[in-house]
């Protein structure tokens, strides 16, 4: 009986001191950035970033997820703290430290609209993305100062205007960023007023060509067949312009989803999860 009692006590002790179950920890924090606006002035601002990370493992890579853009100032201010929680947690379980910035001009980060690309009939997409591109570059530089990130490789995923921004970042050839993903990337869309007919789509094609001429890291492009912002044909034209200029990558047509496939990133993960995982895991 003494042996059994001792064994039971030892078992209880082991259970009591066993490490707690791994969990994905969500941590919001601020990163100061300074960006040059289109008028040449400098803007200093704190950007709210949310990190998702498995508390029981050192991340093998980092990931930055970039949100899209609402059409009105009131809608952009309503973003709150951008999270993409389910998607971020999923990637965190795969070993990524996932960072989701709420960019300048949106939600809890606030500040002026630095991503305005001009009037509908006079767009300047490439220049309009420059301040946001510099903003994300500084966020990545700050992320690399974290002890568990350091010189780890990274990937960038963007949705809608965030997708356009991911291609703009690819043109900067960010050191040790090994892959970029463009979900439904573009700008100037109006699914209600002009479904499938965004502002100045030729200008957007020219912007993608400018990015493709400099980008040397592969970009995965994913667009749904029933995307009401861009329609089925323009995204293929943009990708062709990107490739013709020298860009590397792959175009994947996602199936239609609901009334508007533009939201497939958040609402139809089953359609892209395997494709994206394979792309991110392949050597680049």
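Residue numbers (the numbering used here): 136 to 419.
All residues carry an ideal CB built from backbone N, CA and C; glycine is no exception.
Compute the Euclidean distance between the alpha carbons of residue 184 and residue 388, then round it to the nearest angstrom.
Cα-Cα distance, rounded: 31 Å.
So residue 336 packs on residue 369, CB below 8 Å; how close in whole Å?
That belief holds up - the Cβ atoms of residue 336 and residue 369 are roughly 5 Å apart, short of 8 Å.
Let's see if you can read the secondary structure: which residues bound the alpha helix (DSSP H) around residue 280?
Per DSSP, residue 280 belongs to no alpha helix (DSSP H) and is neither H nor E.
How would you label residue 334, buried or exposed, when you count the other beta carbons within 10 angstroms and need 16 or more for buried?
It counts as buried.
Could you give the DSSP three-state label for residue 299: helix, strand or coil?
In the structure shown, residue 299 sits in a helix (DSSP, three-state: H, G or I).
Going by the CB atoms, is the gap between residue 331 and residue 373 shorter than 8 Å?
No, the pair does not count as a contact, with Cβ atoms beyond the cut-off.
Closest to residue 241 by C-alpha separation, out of 255, 229, 223, 209, would be which residue?
Checked all of 255, 229, 223, 209; the closest Cα to residue 241 is 209.
Checking the sheet assignment: what are the DSSP bridge partners for residue 198?
Partner(s): 233, 290.
Have a look at 339, 224, 214, 217 and flag the residue whose alpha-carbon is nearest the alpha-carbon of residue 197.
Here the closest residue by C-alpha is 224.
Would you mind working out which of 284, 394, 349, 170 sits nearest residue 381, comparing C-alpha positions?
With distances taken between Cα atoms, residue 381 lies closest to 349.
In angstroms with no decimal places, state the Cα-to-Cα distance between residue 321 and residue 270.
Near 18 Å, if we compare the C-alpha coordinates of residue 270 and residue 321.
Taking 7 Å as the limit between beta carbons, can you name the residues of its chain near residue 151, skipping five residues before and five after?
Note that residue 151 has pLDDT 42, beneath the 50 cutoff, so the model's placement of it is unreliable and no number is given.
Three Cβ pairs or more, each shorter than 8 Å: is that satisfied between the region 355–362 and the region 237–252?
Too few Cβ pairs lie closer than 8 Å, so no.
Which residues bound the alpha helix (DSSP H) around residue 373?
Residue 373 -> alpha helix (DSSP H) spans 369–379.
Report yes if the C-beta distance between residue 234 and residue 278 is below 8 Å; otherwise report no.
It is a contact, given that the beta carbons lie within the stated cut-off.
In whole angstroms, what separates the C-alpha of residue 187 from that of residue 193?
Cα to Cα, residue 187 sits roughly 12 Å from residue 193.
Which whole-angstrom value is the C-beta distance of residue 195 and residue 245, which I expect to be below 8 Å?
Not really, about 34 Å apart at Cβ, beyond 8 Å.
DSSP three-state call for residue 363: helix, strand or coil?
Three-state result, residue 363: coil.
Just tell me which of 165, 265, 417, 228 has its CA closest to the CA of residue 177.
Per the Cα distances, 265.
Whose C-beta lies closer than 6 Å to the C-beta of residue 403 among residues of the same chain, with five residues either side of it excluded?
Here the set comprises 392.
Decide if residue 394 is buried, meaning its Cβ has at least 16 other Cβ atoms within 10 Å, or exposed.
Exposed, by the Cβ-count rule.
Just to check my reading of the structure: residue 170 and residue 274 have Cβ atoms closer than 8 Å, yes? What is that Cβ distance to the nearest angstrom?
That pair is no contact at about 11 Å.
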